[in-house]
Every structure is written in structure tokens, then in C-alpha cells.
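In the working numbering, the protein residues as written are 4 to 311. All C-beta atoms in this analysis are idealised placements derived from N, C-alpha and C, irrespective of residue type, glycine included. The structure appears below as C-alpha cells.
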């Protein structure tokens with residue numbers, strides 16, 4: 004056994020120090036590995052944010068590829084109670100959306116055509132009578148006639164222009180106006196936009212103008228509702244193959260272009276947009292309002308396309 008005196012010998016002290024250091028490094032490595040495994044396990048089993056006891060209305064679900072559906076999934080996984088609206092086209096559409104969203108256990112399932120004032124009034128009355136409050140509003144509504152998306156922009160019809168702006172932008176303003184009395188400090192609003200609202204995108208035409216109006220509306224609504232503690236933001240997602248995007252000519256070429264030129268060399272997933280939405284609609288983002296958050300694998304930062 005080494006005594007304290009023998010350890011003070013320079014040669015023995017050096018050997019002992021090196022040995023102790025190696026043991027310390029080994030234990031540190033084990034702790035680091037254990038911490039990493041614990042963190043990875045936590046990320047796999049726990050939602051990124053906590054939205055328990057939150058009432059969340061999600062509009063715009065068309066099918067399982069819809070960004071709105073991905074957002075609804077993320078909110079439900081985080082613990083939110085969901086209300087779902089659907090466009091009352093016919094019974095088949097209603098049954099399809101109801102079957103799709105059934106696993107999410109929505110407590111409200113309400114038909115709503117935002118072009119019909121009575122539908123909006125009915126929606127608000129249902130929220131008030133069943134929930135009495137609204138913590139989260141997700142606006143995923145957009146529409147334009149196909150003929151107003153292609154060709155020369157100056158040939159856009161007046162009726163087509165009004166339709167695109169009403170459904171895609173004004174509906175957010177109207178929904179906020181009719182529901183803000185149900186919101187309390189800490190509530191949050193989210194809408195979906197696209198790069199075409201800021202830059203020229205082929206075959207986007209009138210929808211680009213509608214998205215530009217939507218983004219401006221986000222800023223003005225954020226300014227109006229901010230003093231009441233209500234936040235308003237937008238996500239600008241990269242191109243994803245959805246029912247809405249399929250109306251855009253050359254969508255697959257667009258996706259291919261993004262995959263070749265975005266910094267991450269890919270486009271984004273429905274899940275990634277949903278996770279960002281859950282963050283923006285949670286207290287974790289309490290200092291963020293009036294912003295357009297890009298979830299596009301970094302494509303928005305690029306200048307000239309390199310076509311790697």
C-alpha cells in the first residue's frame with residue numbers, strides 16, 4: 004500500500020496522477036454517454052412542448068398529406084384538445100375527414116366555409132358553448148382558381164383575385180376578429196404562408212399576392228392583439244406534395260430544385276412543420292410574434308441557384 008509520503012515522490016505522483024486522470028476521463032465519458040442516451044430517450048418518448056389543457060382549433064385539413072393534419076397531430080401529441088373544421092362540400096368529404104381525424108379525438112368537429120358568414124358565426128358559437136375559451140387558432144386556408152395561377156399575371160380575373168384574397172388572407176383577419184374575445188393572455192394564432200409571397204415563384208401568380216397580404220395581416224394582427232397577450236405568427240414551409248400544392252404547375256420540379264439547392268439538400272417533412280407549429284403555439288416561444296418563420300431546409304437564404 005502506498006503511503007502519503009510515498010505518493011509525494013515525483014515519479015510515483017506523476018504515475019498516480021495519470022492513472023487518476025484516465026479513470027476520471029473514463030467516468031466522464033460514461034456519464035456523457037449516459038446523458039446522451041437519456042436525452043435521446045426523452046426526445047423519443049416526450050413531446051417537444053407541453054400543450055395540455057389547451058383548446059386548439061385547426062382549420063384546413065383536406066387529407067393525411069395536408070400540412071394542417073401534420074400540425075394537428077403535433078398539437079395532439081403535445082396534449083392539446085382539438086377542434087377540427089372541414090369544408091362542407093358533401094357527405095363523402097365529411098366522412099373522409101372525420102375518419103382521418105378520429106385518432107386525434109377532436110372534441111369539436113364543425114363544418115365551416117369561411118366565405119359564408121353564417122358558418123363562421125356557427126363556428127364561434129360552438130367554440131363558446133363547448134369550450135368557453137380558445138387558446139390556439141391554426142389557419143391553414145388557401146384557394147385560387149387554377150387559371151389564375153398560370154399564364155400572364157396581368158390576365159388575372161377580378162373575381163379570381165377577390166376569391167384568392169378572401170379565402171387565403173381575409174379569412175385569417177375575420178377568424179381573429181370573431182374569436183379574439185375567447186382568447187386570453189398566452190393564446191396564440193398561426194397561419195401558413197409560402198416563399199411566393201415574398202419572391203416570384205412560377206405558376207403561383209395570384210396566390211403569391213394573397214400570401215403577401217396574409218403576411219402583412221400577420222404583422223398588423225400581432226400589433227393589435229399583442230397588448231392582450233395574444234401572439235400571431237406564420238410558418239413559411241418548403242414545398243411539400245399536398246392536395247393544395249398539386250394545383251401548382253411543376254410542383255415536382257420545384258421540389259427537385261429545392262432538394263438540390265437548399266443547404267440541407269432536401270425539402271422538409273410534414274412532421275418538421277408540425278413540430279415548429281407546436282413550438283410557435285406554445286409558451287416556449289412566448290417572446291415571438293408578428294414573424295414569418297421559414298421551415299424550408301434553408302432554401303430561403305440562397306441567392307443564385309447552384310444546381311449541385
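On the three-pair Cβ rule with 8 Å, is the segment 227-236 touching the segment 175-186? yes
For residue 238 versus residue 267, is the C-beta spacing smaller than 8 Å? Counting from 1 along the chain shown, the entry for residue 238 is found at position 235. Counting from 1 along the chain shown, the entry for residue 267 is found at position 264. Result no, Cβ atoms of residue 238 and residue 267 do not sit closer than 8 Å.
Per DSSP, residue 238 is paired with what? Here residue 238 corresponds to residue number 235 of the chain shown, with the count starting at 1. 195, 296.
Taking C-alpha atoms, which residue in 133, 128, 60, 135 lies nearest to residue 104? As a first step, residue 104 must be located in the chain shown, where it is residue number 101. Comparing Cα-Cα distances from residue 104 to each of 133, 128, 60, 135, the minimum goes to 60.
Kindly indicate which three-state DSSP category residue 214 falls into: helix, strand or coil? Numbered from its first residue, the chain shown carries residue 214 at position 211. For residue 214, the three-state secondary structure derived from DSSP is helix.
On a CA-only basis, which of 305, 76, 172 is nearest residue 215? Give me that one, please. Locating residue 215 in the chain shown gives position 212, where the first residue counts as 1. Nearest of 305, 76, 172 to residue 215, Cα basis: 172.
Out of 62, 272, 305, 255, state which residue places its alpha-carbon closest to the alpha-carbon of residue 143. Numbered from 1 along the chain shown, position 140 holds the residue referred to as residue 143. Checked all of 62, 272, 305, 255; the closest Cα to residue 143 is 62.
Reduced DSSP secondary structure (H/G/I, E/B, other) of residue 127: Taking the first residue of the chain shown as 1, we reach residue 127 at position 124. If DSSP states are grouped into helix, strand and coil, residue 127 belongs with the helices.
Could you check if residue 79 is buried or exposed, using at least 16 other CB atoms within 10 Å of its CB as the buried criterion? As a working note, residue 79 is residue 76 in the chain shown. Classification of residue 79: buried, given that the 10 Å Cβ count is 16 or more.
Neighbour-count burial assignment, residue 223, 16 or more Cβ in a 10 Å radius: Residue mapping note: residue 223 aligns to position 220 of the chain shown, counting from 1. With fewer than 16 other beta carbons inside 10 angstroms of its own, residue 223 counts as exposed.
Please classify residue 139 as buried or exposed, where buried requires at least 16 neighbouring CB atoms within 10 angstroms. The residue labelled residue 139 in the question sits at position 136 within the chain shown. Residue 139 is buried by the Cβ-count criterion.
If residue 120 sits next to residue 89, beta carbons under 8 Å apart, how far is it from one beta carbon to the other, in whole angstroms? For the purposes of this step, residue 120 is taken as residue 117 along the chain shown, with counting starting at 1. For the purposes of this step, residue 89 is taken as residue 86 along the chain shown, with counting starting at 1. The Cβ separation is near 18 Å, so there is no contact.
Taking Cβ to Cβ, would you say residue 85 is nearer than 8 Å to residue 109? Here the question's residue 85 lines up with position 82 in the chain shown. Here the question's residue 109 lines up with position 106 in the chain shown. Contact flag set, yes.
Between the Cα of residue 87 and those of 93, 208, 95, 101, spot the shortest distance and give me the residue it belongs to. Walking along the chain shown from the start, residue 87 turns up at place 84. Per the Cα distances, 101.
For residue 277 and residue 202, what's the separation of their Cα atoms in angstroms? As a working mapping, residue 277 is identified with position 274 in the chain shown. As a working mapping, residue 202 is identified with position 199 in the chain shown. So the alpha carbons of these two residues sit roughly 24 Å apart.
Does DSSP put residue 3 in a helix, in a strand, or in coil? There is no way to answer for residue 3, as the model of the chain reaches only from 4 to 311.
Let me know the secondary structure DSSP gives residue 88 once reduced to three states. One-based indexing of the chain shown puts residue 88 at position 85. Under the three-state reduction of DSSP output, residue 88 falls in the strand class.
Cα-Cα separation, residue 288 to residue 150: Numbered from 1 along the chain shown, position 285 holds the residue referred to as residue 288. Numbered from 1 along the chain shown, position 147 holds the residue referred to as residue 150. Rounded to the nearest angstrom, the two C-alpha atoms are 39 Å apart.
Taking only the alpha-carbon atoms, compute the straight-line gap between residue 246 and residue 254 and give it to the nearest angstrom. For the purposes of this step, residue 246 is taken as the residue at position 243 of the chain shown. For the purposes of this step, residue 254 is taken as the residue at position 251 of the chain shown. In this prediction, residue 246 has a pLDDT of 49, which is less than 50 and means its spatial position is unreliable; nothing more can be read from the coordinates.
The beta strand (DSSP E) enclosing residue 142, as first and last residue numbers: For this step, residue 142 is matched to residue 139 along the chain shown. Per DSSP, residue 142 belongs to the beta strand (DSSP E) from 139-142.
Tell me the DSSP bridge mates of residue 59? Your numbering for residue 59 matches position 56 in the chain shown. DSSP output for residue 59 lists 85, 139 as bridge partner(s).
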